[in-house]
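Please read the structure below before turning to the comments.
Residue numbers (the numbering used here), protein chains in the order written: chain A, 302 to 414; chain B, 4 to 118.
Put into structure tokens, the structure is as follows:
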């Protein structure tokens with residue numbers, strides 16, 4: 302039982318390049334979230350999904366796209382990376398129902414030069 | 004939407020002393036308030052949470068208090084130990100059970116325990 306895993310752990314991109322971050326979970330949770338964490342700003346929600354095939358925008362969605370083709374995977378895409386997207390990205394999951402607890406992955410550190 | 008403010012941004016206490024971190028929220032409809040601890044290089048981990056129908060909750064050395072009228076909640080750590088050193092985030096749920104429960108985080112408090 303790995304919980305929530307993120308791939309890759311680190312990545313360096315040049316401005317304009319594209320990449321996809323993968324979040325995978327084996328807890329059969331319905332809800333999945335992508336956050337970014339910047340110094341002094343806590344975590345901000347980028348996009349989230351309440352189930353397979355569904356996605357919705359969070360606080361800071363611009364410049365990102367997501368897909369949830371399978372329940373266990375949530376992909377975060379950067380089509381044309383910008384230096385402002387340098388950040389640490391966290392995925393989180395939550396089961397539907399009465400529990401609001403979100404479980405976080407270990408993070409992906411992305412640097413855009 | 005919800006806005007969560009957290010103070011202080013950094014806190015240094017002597018080992019064995021108590022630490023208090025305070026947060027305020029703006030949306031009176033928020034009804035769930037988790038606290039997360041983040042160690043270096045790791046994702047946030049839930050350490051305690053409180054719902055709006057409760058004023059205080061304790062778990063060993065950790066306690067959280069909630070004042071719904073004033074819209075503020077606090078984390079109290081007693082008998083601090085070196086392993087308590089980390090960044091702590093408060094948060095509030097926007098929308099509660101009926102929504103996807105988007106968590107709005109405070110900006111974090113870096114807690115350092117002096118030996």
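Backbone N, C-alpha and C fix where the C-beta goes; we use that ideal spot for every residue, glycine too. Note that the structure is predicted; figures quoted are calculated from it, not measured.
Closer than 8 Å to chain B by CB, residue i
| i | result |
| --- | --- |
| residue 343/A | yes |
| residue 349/A | yes |
| residue 272/A | The displayed coordinates of chain A run from 302 to 414. Any statement about residue 272/A would go beyond what the structure contains. |
| residue 414/A | no |
| residue 346/A | yes |
Where residue i falls: helix, strand or coil (DSSP)
| i | result |
| --- | --- |
| residue 86/B | helix |
| residue 373/A | coil |
| residue 407/A | coil |
| residue 318/A | coil |
| residue 340/A | coil |
| residue 326/A | strand |
| residue 386/A | helix |
| residue 62/B | strand |
| residue 358/A | strand |
| residue 378/A | strand |
| residue 310/A | coil |
| residue 20/B | coil |
| residue 52/B | strand |
| residue 393/A | strand |
| residue 366/A | strand |
| residue 110/B | coil |
| residue 118/B | coil |
| residue 331/A | coil |
| residue 346/A | strand |
| residue 81/B | coil |
| residue 351/A | coil |
| residue 31/B | coil |
Closer than 8 Å to chain A by CB, residue i
| i | result |
| --- | --- |
| residue 40/B | no |
| residue 51/B | no |
| residue 110/B | yes |
| residue 118/B | no |
Cβ-Cβ separation, residue j to residue i (assumed contact under 8 Å), whole Å
| i | j | result |
| --- | --- | --- |
| residue 80/B | residue 94/B | With a Cβ gap of about 17 Å, residue 80/B and residue 94/B do not count as contacting. |
| residue 397/A | residue 353/A | That pair is no contact at about 12 Å. |
| residue 391/A | residue 405/A | 5 Å |
| residue 16/B | residue 113/B | Actually they do not touch by this definition, with Cβ atoms about 12 Å apart. |
| residue 89/B | residue 42/B | 5 Å |
| residue 393/A | residue 320/A | Incorrect: roughly 20 Å between the Cβ atoms, too far for contact. |
| residue 307/A | residue 409/A | 5 Å |
| residue 350/A | residue 367/A | 7 Å |
| residue 27/B | residue 8/B | 5 Å |
| residue 411/A | residue 388/A | 6 Å |
Below-8 Å beta-carbon distance, residue i vs any chain D residue
| i | result |
| --- | --- |
| residue 405/A | Chain labels in this structure do not include chain D; the protein chains are A and B. |
Checklist line | Members of the region 392 to 410 of chain A that neighbour chain B once the beta carbon cut-off is set at 7 Å | finding: 395, 399, 401, 402, 403, 405, 406, 407, 408
Note to self: Please list, in chain order, the residues of the region 352 to 382 of chain A that have any C-beta partner in chain B closer than 9 Å.
What the structure shows: Cβ contacts with chain B: 357, 359, 360.
Next item on the list: Note down, in chain order, all residues in the region 11 to 36 of chain B with a beta-carbon under 8 Å from any beta-carbon belonging to chain A.
Entry: 12, 35
Item checked: Where the region 72 to 88 of chain B meets chain A: residues whose CB sits under 7 Å from a CB there -> none
Next item on the list: Would you list, in chain order, the members of the region 53 to 70 of chain B that have their beta-carbon closer than 7 Å to a beta-carbon of chain A?
Entry: none
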